[in-house]
Amino acid sequence: MLVYLIRRLFNVAATLLVVSVVTFGIFFAVPKLTGSDPALMYAGRETNETALAGIRVKMGFDKPISEQYLLFVKGIFAGRDYDGGTGVTHCAAPCFGYSFKTEAPVWQTMMDRIPVTLSLALGAAVIWVLAGVATGVVSALKRRTAIDRTVMVGALAGVSLPIFFTGMVAPAIFVYSLGWLDVSNYKPLTEDPLAWLNSLILPWVTLAFLFAATYARITRATMLEVLGEDYIRTARAKGLKEGVVIRKHALRSTLTPIVTMFGLDLGGLLGGAVLTETTFNFQGLGTAAVAAISQGDLPVIMGVTLLAALFVVLANLIVDLLYAVIDPRVRLT
Amino acid sequence: GGDKKDDKADAAESGKGYSGAAEGVINASDAKGGELKLWSPQDVDYLDPQRAYYGFVWDIQRLYVRSLLAYDAKPGKDGTKAVPDLAEALPVVTNDGKTYTLKLKDGVKFEDGTPITSKDVKYGVERVFAQDVLSGGPTYLIDLLDQGQKYPGPYKDTDPDKMGLKSVQTPDDKTIVFNLASANADFSYLLAMPTSSPVQASKDTGATYTNKPLSTGPYKVESFTAGKGATFVRNENWDPKTDPIRKGLPDKVSFTVTTNPDDMDQRLLSGDIDLAIDGTGVQQAAKNKILKDANLKKNADNPFTGYIRYFAFPTTVAPFDNIECRKAVIYAADPKSLQTARGGPTSGDLGANMLPPGVPGSDKSYDPFGLTKGKPQEAKAKEALKACGKPDGFETTIAVRNNKAPEVKTAESLQASLAKVGIKATIDQYDGKLNSSVIGSPENVKKKGYGIIVMGWGADYNSGSGFLQPLVDGSFILPNGNNNYTMINDPEINGLFKTAATKSPEEAAPFYTQINQKVMEKALYLPINFDKALVYHNPRLTNVFFNESFGKIDLATVGIKQ
Amino acid sequence: MTAPLHDTSAETPAPVSVADVPAKAIEGRSPGRIAWMRLRRDKVALTGGVVVILLILVAIFAPLIVKLLGHDPNEFHEDLIDPDLGTPLGSLGGISSDYLLGVEPTNGRDVFSRIVYGARISLIVAFLAAFVSVVLGSFLGALAGFIGGWVDGVISRLMDLLLAFPQLLFTIALVSVVPNSVWGFEGSGVRMGVLILVIGFFGWPYIGRIVRGQTISLREREYVEAARSLGAGRGYILVKELMPNLVAPILVYTTLIIPTNILTEAALSFLGAGVKPPTSSWGKMLSDAVPIYQDDPMYMVVPGMTIFITVLAFNLFGDGLRDALDPKGS
Amino acid sequence: MTENQNNGAPAFVPEQGSPRDGAPFLSVRDLKVHFPTDDGLVKSVDGLSFDLERGKTLGIVGESGSGKSVTSLAIMGLHRTGNARSRPHISGEVVLDGEELVSASADHVRRLRGRKMAMVFQDPLSAMHPYYSVGKQIIEAYRTHHDVDKKTARTRAVEMLDRVGIPEPHRRVDAYPHEFSGGMRQRAMIAMALVNNPELLIADEPTTALDVTVQAQILDLIRDLQKEFGSAVIMITHDLGVVAEMADDLLVMYGGRCVERGSAEKVFYEPRHPYTWGLLGSMPRIDRDQTDRLIPVKGSPPSLINIPSGCAFNPRCPYADVPKGGITRTQRPELTQDGSRQPALVRLPHVAGGADPDLDRRDCAEAVTDMNKPSEPETLLKVSGLVKHFPINKGLLRRQTGAVKAVDGIDFEVRRGETLGVVGESGCGKSTMGRLITRLLEPTGGRIEFEGQDITHLGVSQMRPLRRDVQMIFQDPYGSLNPRHTVGAIVSAPFNLQGVTPEGGVKAEVQRLLSLVGLNPEHYNRYPHEFSGGQRQRIGIARALALKPKLVVADEPVSALDVSIQAQVVNLLDDLQQELGLTYVIIAHDLSVIRHVSDRIAVMYLGKIVELADRKSLYESPMHPYTNALLSAVPVPDPRRRGVKSGRILLKGDVPSPISPPPGCRFHTRCWKATEICKTQDPPLVALKTGHEVACHHPENAEAATPPASSPAGV
Ligand SMILES: Nc1ncnc2c1ncn2[C@@H]1O[C@H](COP(=O)(O)OP(=O)(O)OP(=O)(O)O)[C@@H](O)[C@H]1O
Ligand SMILES: Nc1ncnc2c1ncn2[C@@H]1O[C@H](COP(=O)(O)OP(=O)(O)OP(=O)(O)O)[C@@H](O)[C@H]1O
Ligand SMILES: [Mg+2]
Ligand SMILES: [Mg+2]
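Now the structure itself:
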């Protein structure tokens, strides 16, 4: 178990290392090769050579790319000093550098935005798991009935609807036509829980709709498979009530693949629900990344990419550990 | 250069002057109190006066930054005049227009109570030179004052008092003398820019000064968080008696950055907030709401922003070296379509020449190509093509920033119109953030074959040279960050600029009219629009008017109805 | 020897055992034929299939269709636009007999033709990207599953790694990094090429995993053993024994990855990383609709529904195909 | 119900001569279970009636798909659970202890389930929930019907586990199913079924998945528990040996109907239905040295959708055309009761006259041939010291920490023209051995010589020419044929791979092979899924024979097949050997089949050969205690010998792990004769008499043996 964990953590580190090298390479080295200058991107607007030279020294763009990478890595673990001419700015670990655009520390930007993405992803996750699994189970139990067909058609529609479309249609209906909700920007939970809730309901539902559809489909398929298993027959042969058979025996097994999927989906979303955030204009990690990309804000791109990758690999790891908890047959070696 | 002020301007689409704020002051009042709530979808670039370049930040800086001169807080033409602010009077110009001497008023202080001296003003000017640390702001002062000294800015200054810039002298604490290398009529405008405002050397924190600049105006920065906003509270050390420009009516001013412009518009229309200070106008949804609703419409204004939108034809790229080919494009274009692409009449008036209204010397009615008729002139275009030797048209590339939706749309419109006369234009969207090295590099323009460049331009200060010179003066051609995209280097035009520089603004105006005509005759530009914005303000605001120098509601006087 | 005692076929209706019946049909019902028969019975999937084929035809004959029913997709019609509001004149986004799906706000381009031409982009990108993913995924997946050992290790790690990348972000980033002209190609073609390669590249680990898993399970089947016992080499086993059995999952996955690709392409266009104007694209139309959708909802609905119907059709067809190819299905 | 043939009164004549008074404990009347499917109505059970008394055991036998399981599930009311849409139509009566269950409310039946009637399923691994501990599942069964706290229930669970012979029940109660061996799982299943003292126990193939030794343990256990609890038991199986050992009464099912029913003895000794004869005749028997052919039932089981009109067995029946009692082929014969026999023996009217002795074996006569094996056998394959270890990699660096010693030093030889049978419990390394000698696996050590050539470490290409001579037949008729290839492609693959073009072309040769194995050569273009299991196995055989191999290794060639089909295939193998002079190595766990087909037999235990002898010698006087135990564990299909069989040796426990086999003699942990020497010294395989080698320190039947004068190493 411990050995397993060590090996997995080693894998996590290795994956992140490769992700960081590749990302760094693509965003720092490639522009250099094609002749564009990160200092120019940093300066962004009309600028002059003095300013550029200053930026190069301060941000370390004058150093070889490998050294820049090492500095970057060092910054994450040990912090990093920037010599800005008027004195040294220390960027404490974990230091992902400073945004080219806002000059705010990238770490700070990410930390500011994580609550948004977290609220969005977690809330939606709760909804989609509950709704998806519940409808999937009902659908499986009511197989080939009208309910089943309706749910499955709805699920297929859900899978086929682009979220940037539902994300527009939902407010058009619920805000502008029916007036049930206000359109509003993300409000921090800590400031005003009600406003937080109000601002999140539509994005949650929109995002959850997409995933719930997938989950309902998978739950249904798995459930049907599980219901055909011998041990379900055994449970019934014991005289268990049907409800107990479904809940304790069938659902438990059905959940295993769901857990895997859930972990990965959530892991992916935590790195930024790009489309949902964009559609609803939420300032989460996803929009941060998109904005950073369109502005050539390399440190933010690096930071968000690494963070997103970290979420994914950690989710993977957790899913695997969870798997072992759920399924006693799985041995972690 | 207007590029930076204009960063956000394109997101706006705009209308006609519905109520008076674009023409006169509305709700004049001296009532004090209340909180002025300013919102913006765009964060400030810097609060540091030497680094700020966004137009709306300059407007905000009227709350806490005073410089030697400042634009008067008056509607119409008066607002474009620089009047004494910290200085007792307008500069005394001697030495054939090369020496500017100013004296500071008595009783002007920093927010910490320290009196402002001429050294503080000089130090402020010197900070502009430290571009390696304090990049971002306009650098005209360097161009005019460095005079070969290669002054590195105060941080690397070897002078013990950090007063090493030779061209500026401070004979005493009240007097400051600027020595120019040659006469320059626009220097007063530069003195009215926040870059010329005083900074106390002992309080200078370098790159982080932007987080807490020391106030000299009616308000001081209470808090500032990048990306979120700022609050300004009363500065007790501001003496209204020394300040003929600012009123300082609200008790507090808050500035909030939003990420959802539509949400901001909605708050604005519902009266939650007072003003979208970025001044680029409301979003499409709110715009249509306002235009359809007379009640809302009366609180809206549709002023000129001082920008012009245009296509430029680099003469280094064939076949645009041939004037007939340039004319062909101009005639083939559909001005109405281009205007619609930018957002319709509220987004600007059809522009027919290169000097926008408000700039001394401009003439809105000057229309050498009949563009204001709003129709493509295919026959003329074909004729021009024939004259150019390309009766079947030609192929070319339109360069457009990828981050400006209306520019992309205008490019598409032009592309569609050109196709009708056989000119096949390909649209190349480049990374808008890199424009100084993409279209700003003549070499690159030539290499990529950009025959048509879509851009917008607004002056940093309101004079014909401030507006036109970077665009058409051959001596302004730069290897990088060039704005003279057409690469015109006409001795006659260059000469006209030189002469105009020695004249007073009033005397200079006809020269700019002349330059404008020369440029248009060469068919170097296809103007699209004199830019406008549809701006809505909370009806509770008092002393509302648009200051033509910023194209925005002047914050120096705005108050709240009590 | 073991000839039937009695030939009962004359009287026995359809006995299960074929051996006892003289062959009426010598031609066997191949698994593919059976799948096709099953598919033919699945009306829903067939509907999806028909829509897919229609879409493909629309894409192929876009110029003809537009000539007959629409206007030049890049032609501006400002006369159809309210100049102040920027919205189309007339109700429902300017739908009329002349402009079947209305016109674009701001410039009045014919939405119908733009949708029709957009189908080309969507389908070309989706199909070719699927092709890239499937080729890479099948090849590497089969290789990993079949050879095992360190080859498997390396390929599996690579797949894990790619899946750990925030793909959408990376795709946007890569698309925007690539210059306008590459090796003499320019404009939309380059951008489409990049889209195809990037979407395709990030898509392969999904199919790679499936194929790898399938290969591993197939590798253990006794018929592989049988082939080996006949002296078959690796190549023969991979090509002759495994590949035919991998075709079904690959086919199913292909039909299911195509709608995903359509959505991805639309999403990228939506985020501004799609093909370049004036080339029309469904996702771009949707993102253009964002600022104006309260005033001109039709302009949002048309491309939105188009994407929806297209993706739904592919999904329906893919689902049906999967059911039809499922050996467990009845 | 729209069955016109059957709308009359139940054909069953109520038994008048029932020995007991009152109604029987379980009475099933005209039970029908019909599944509506897309292809039509599947009549899985179609009018079944029987009775069962307390304390008695009813055996239900029949081929796969004959409706045995469906019947048992119908009694349990398990068809009525789950989704309404997939439920079958059930009609008829199931009266349990006076209560009618078919029409009772579902909830009422549920309450009876697990308490009054319980069930043991075939595959104990899949029948237990993998995520819950064994104890939890037993506790759940108990608490469903008893209102007790968890502790009490747990005590009960431990008690039951103890009762079914799980060692250390206190500890094992918390184990998960996958941590149990097959036998232990089945014990746990039984404990779960019996935890509520059910009065009716239905065991559906409870031992089919198990080794003979474990099967014997389980059967004993069921018998003991039945005695103790006095329950009625329904024992469903396709193994006639098992019923013969267990059942009082016997019911033979075919195509969803009962074709014969009666006391076990009567059915075994006076079978009336041709299908029953067929079943009995197809069975190779452990107790007879059967050199003649098996008598298979022709063809394969019927489709339950289109059950032939008339007798369902009609298409396969050798008597179908023998007119008896004026019944035509399309008429369905009714069960009749023979009043003279108790309990009722039912029979078909048109064979009322009893088995026709001529017809009985009429197709065997020509098959009874002399086994003309070469007298001076020459060695074809010689294996010495063969070892195969599968490495186990563990730990941070995935270093090898151990090995599965699947084959651990075996020596034997195969002579030209003979059949070597290899038997042993599951996991003892039989398949590994088979794959080693066909060089599908690379040996870890030892030496394999084929026709004098060392082939131990030949590479793929060096092996290729030899592949013609050594061929394999596989166990799984489904897995061994590529579903995407036509039969023609499958059978011609050997030619293509070896680059051989037979005379007359590949296609003609393939068709010849197909007819050789009894398939229609016209089916050349068909796909495997269009064939039944037995036919598929023939395709596999045709493929193996294509290149005229000298040696054929068959790994469990018939164990996946039904008895009747099994007999067909066994006969085919026999015939082919005769005709083509083949040499076989046949691997199987079924000692009866092995006895039937082999000339010499090797018994394997934990990667070693413990005994190697010719058939007669091995079966009549086995020397190794393990062989003895194996043989005694095989149930004999003869009810009369049930009581007589005294010498049954029950082996304790399971086969130890091949990762760390016991030191010394590997069998010593389960051997009742083991002494100190067995724990330390590994006995070598020595020939104690001619043609009889054994590896044991304390061989049995050794007195009969003449120890070889010298050479303790044997041959
Ligand atoms: N749910 C169902 N739907 C349709 N057909 C079914 C269903 N359950 C069983 N059958 C069919 O009923 C027939 C009898 O099945 P059953 O399981 O009783 O056979 P069996 O005698 O137990 O065979 P085996 O020895 O293989 O276990 C089979 O042909 C089977 O295909
Ligand atoms: N490829 C392999 N890797 C690791 N262990 C293996 C492998 N193949 C077989 N074994 C192990 O070797 C042992 C012998 O397996 P083998 O299949 O030869 O047994 P068998 O006698 O054929 O059993 P059965 O009757 O169940 O088929 C078993 O413990 C098995 O788990
Ligand atoms: Mg069964
Ligand atoms: Mg085996």
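Chains as they are written, first to last, in this note's numbering: chain Y, 1 to 333; chain Z, 1001 to 1562; chain H, 2001 to 2330; chain U, 3001 to 3715. Quick reminder that beta carbons are idealized off the backbone N, C-alpha and C, glycines included.
Does DSSP put residue i in a helix, a strand or coil?
i, result
"alanine 3588 (chain U)", "coil"
"glycine 1370 (chain Z)", "coil"
"glutamine 1131 (chain Z)", "coil"
"leucine 1268 (chain Z)", "helix"
"glutamate 3451 (chain U)", "coil"
"tyrosine 98 (chain Y)", "strand"
"arginine 2977 (chain U)", "Outside the shown range of chain U, which is 3001 to 3715, sits residue 2977 (chain U), and nothing can be said about it."
"glutamine 3498 (chain U)", "helix"
"methionine 3283 (chain U)", "coil"
"serine 3049 (chain U)", "strand"
Using C-beta distances below 6 Å, list every residue in its chain close to residue i, excluding the 5 sequence neighbours before and after it, in chain order.
i, result
"glycine 1422 (chain Z)", "Asp1392, Gly1393"
"threonine 1231 (chain Z)", "Glu1222, Ser1223, Ser1254"
"glycine 3255 (chain U)", "Pro3302, Ile3307, Ala3312"
"valine 18 (chain Y)", "none"
"glycine 1113 (chain Z)", "Asn1237"
I believe residue i touches residue j by the beta-carbon criterion, under 8 Å. Please report the beta-carbon distance rounded to the nearest angstrom.
i, j, result
"alanine 309 (chain Y)", "alanine 2164 (chain H)", "5 Å"
"leucine 3200 (chain U)", "alanine 3232 (chain U)", "5 Å"
"tyrosine 3605 (chain U)", "arginine 3648 (chain U)", "The Cβ separation is near 19 Å, so there is no contact."
Which residues in the same chain as residue i place their Cβ atom closer than 7 Å to its Cβ, once the five residues preceding and following it in sequence are excluded?
i, result
"glycine 3040 (chain U)", "Ile3305"
"alanine 3544 (chain U)", "Gln3471, Met3472, Ile3473, Val3552"
"phenylalanine 2317 (chain H)", "Ala2045, Gly2048, Gly2049, Val2052, Thr2255"
So, at 8 Å on beta carbons, what are the nonlocal neighbours of residue i in its own chain, with the 5 sequence-adjacent residues on each side left out?
i, result
"isoleucine 3286 (chain U)", "Gly3241, Leu3591, Ser3592, Arg3595, Tyr3619, Leu3631, Val3634, Val3636"
"glutamate 3366 (chain U)", "Confidence in glutamate 3366 (chain U) is poor, its pLDDT being 32 and thus under 50, which makes the residue's placement unreliable; the coordinate value appears in the next sentence. Hits under 8 Å: none found."
Given 7 Å as the limit, tell me if residue i has its C-beta closer than that to any heavy atom belonging to ligand 5.
i, result
"aspartate 3555 (chain U)", "In the structure shown, ligand 5 is absent; the only ligands present are ligand 1, ligand 2, ligand 3 and ligand 4."
Return the chain-ordered ranges of every alpha helix (DSSP H) run that is complete within the stretch 3192–3274 of chain U and spans a minimum of 4 residues.
3212–3229, 3240–3246, 3264–3269
Relative to ligand 2, what is the chain-ordered list of residues with a Cβ closer than 6 Å to any of its non-hydrogen atoms?
U:Phe3390, U:Val3404, U:Ala3406, U:Gly3424, U:Ser3426, U:Gly3427, U:Cys3428, U:Gly3429, U:Lys3430, U:Ser3431, U:Thr3432, U:His3589, U:Pro3658
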